[in-house]
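Have a look at the structure below, then the notes.
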Amino acid sequence: GTVVGPATLASHKGRGLAVLFDGNKGTVQVFLNQLSREPPQLPGGYTVGDHVYFSGRSEFFEDGDKLVHGQRGVVTGRVVGEDGEVAVKFPGNTESIDCYLSE
């Protein structure tokens, strides 16, 4: 994102910045401890945009999303609150799926 200026929300004032992230129409107020000049480190050394292959057993979900053994997907980020998992978007699925690094 691009820093636009200091945060103006009372809860963030003096402790944050106003940032315009790609794809957003307006700025977001972000605390300083939530920002980095470098891309955040993901588990296993993966980075957003890496191509990965699902090596687990195929699974099908009620919403129509699926995990297919050998299918290629794209790492979309960290799974909040979980160590050892990354979020992966597979073709045809509506959302990214949380994948353990051992899968």
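In my numbering, the protein residues as written are -9 to 93.
The beta-carbon is built from N, C-alpha and C at its ideal position, and this holds for glycine as well.
Confirm, please, whether the CB-CB distance from residue j to residue i is below 8 Å.
i: Tyr36; j: Gln61; result: no
i: Phe80; j: Gly54; result: no
i: Gly6; j: Gln19; result: yes
i: Val38; j: Thr(-8); result: no
i: Arg68; j: Leu91; result: no
Can you have a look at residue i and say buried or exposed, based on whether 16 or more other CB atoms are within 10 angstroms of its CB?
i: Gly13; result: exposed
i: Ala(-3); result: buried
i: Val78; result: buried
i: Ala0; result: exposed
i: Val(-6); result: exposed
Whose CA, out of the options, lies closest to the CA of residue i?
i: Glu49; options: Ile87, Gly39, Ala8, Ala0; result: Ile87
*Runs of beta strand (DSSP E) lying entirely within the region 49 to 89, each at least 3 residues, in chain order*: 62 to 68, 75 to 79
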